[in-house]
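Below: the structure, in structure tokens.
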Amino acid sequence: MFELICVTNRALCADSFPARIRALSWAGIHKIILREKDLAPKDYQTLAMQLSAICPEKLIPNSIFCPDIPRLHLPFPLFLQQPALRKNVDLLGVSVHTPEEARHAWALGADYLIAGHIFPTDCKPGVPARGLDFLRSCCNAVDIPVYAIGGISADNLAAVQQVGTAGACLMSRFMQCDDIPRELSRLHHAIKKYVPDPK
Numbered sequence: 000m001f002e003l004i005c006v007t008n009r010a011l012c013a014d015s016f017p018a019r020i021r022a023l024s025w026a027g028i029h030k031i032i033l034r035e036k037d038l039a040p041k042d043y044q045t046l047a048m049q050l051s052a053i054c055p056e057k058l059i060p061n062s063i064f065c066p067d068i069p070r071l072h073l074p075f076p077l078f079l080q081q082p083a084l085r086k087n088v089d090l091l092g093v094s095v096h097t098p099e100e101a102r103h104a105w106a107l108g109a110d111y112l113i114a115g116h117i118f119p120t121d122c123k124p125g126v127p128a129r130g131l132d133f134l135r136s137c138c139n140a141v142d143i144p145v146y147a148i149g150g151i152s153a154d155n156l157a158a159v160q161q162v163g164t165a166g167a168c169l170m171s172r173f174m175q176c177d178d179i180p181r182e183l184s185r186l187h188h189a190i191k192k193y194v195p196d197p198k
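Numbering (numbering that gives the first Met the number 0), first residue to last: 0 to 198.
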């Protein structure tokens with residue numbers, strides 16, 4: 000199953016942020032990574048607990064450990080600094096930017112990886128995209144799920160899927176779209192267009 004993951008940025012959300020998270024969860028999003036870098040740790044944990052009550056099985060805190068939420072996502076440098084966090088959660092994801100980081104994170108116990116950024120994106124202005132060959136290399140380097148991030152859209156989901164990823168992460172589309180079920184349906188339709196060649 001090819002998974003779709005929302006990475007949050009409440010600054011992009013014109014409506015109620017908790018209501019949008021609830022709508023994403025009800026519409027069938029697979030995971031929601033709470034990436035609100037501007038919040039102090041205490042405020043972040045308060046928000047994480049509020050949203051965890053809305054989607055208890057889907058919310059993944061980013062960078063800040065929340066004792067009552069058994070999931071966590073870390074950037075690769077932070078994982079290297081705090082590898083013991085692996086023991087405190089049931090699900091640990093790590094963001095990587097090279098195949099070598101992918102192998103290292105896997106060796107240290109990561110359950111899944113997010114690799115990027117794959118295509119040009121407004122989130123990384125002026126930073127060259129790493130492309131599909133990079134994504135394929137990360138997928139081939141490990142035996143855990145790898146998710147793509149960066150410039151993902153319905154137009155390139157099939158190409159992302161074809162290199163062996165387990166899914167894709169989107170931020171702005173999920174934070175800004177007017178009709179979440181319709182947007183998810185459009186993305187799922189794009190996924191279904193790709194049928195792997197039999198081996």
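Beta carbons are placed, not taken as given, at the ideal position from N, Cα and C, and that holds for glycine.
- Here Ala114 is buried. Its C-beta has 16 or more other C-beta atoms within 10 Å.
- Boundaries of the beta strand (DSSP E) harbouring Arg70: Arg70 to Pro74, taken from the DSSP string.
- Within the same chain, and ignoring the five residues on either side of Pro98 in sequence, the residues whose Cβ sits closer than 6 Å to its Cβ are Ser136, Cys137 and Ala140.
- Take Phe16, set aside five residues on each side of it, and the residues of its chain with a beta-carbon closer than 6 Å to its own are Arg9, in chain order.
- When DSSP states are grouped into helix, strand and coil, Cys5 belongs to the strand group.
- Beta-bridge annotation (DSSP): Leu33 is paired with Pro60.
- Less than 8 Å separates the beta-carbon of Arg185 from that of Ala153.
- Taking C-alpha positions only, Leu107 is separated from Pro82 by approximately 7 Å.
- Pro74 places its beta carbon less than 8 Å from that of Ser94.
- Cα atoms of Phe173 and Arg21: separation of roughly 12 Å, rounded to the nearest angstrom.
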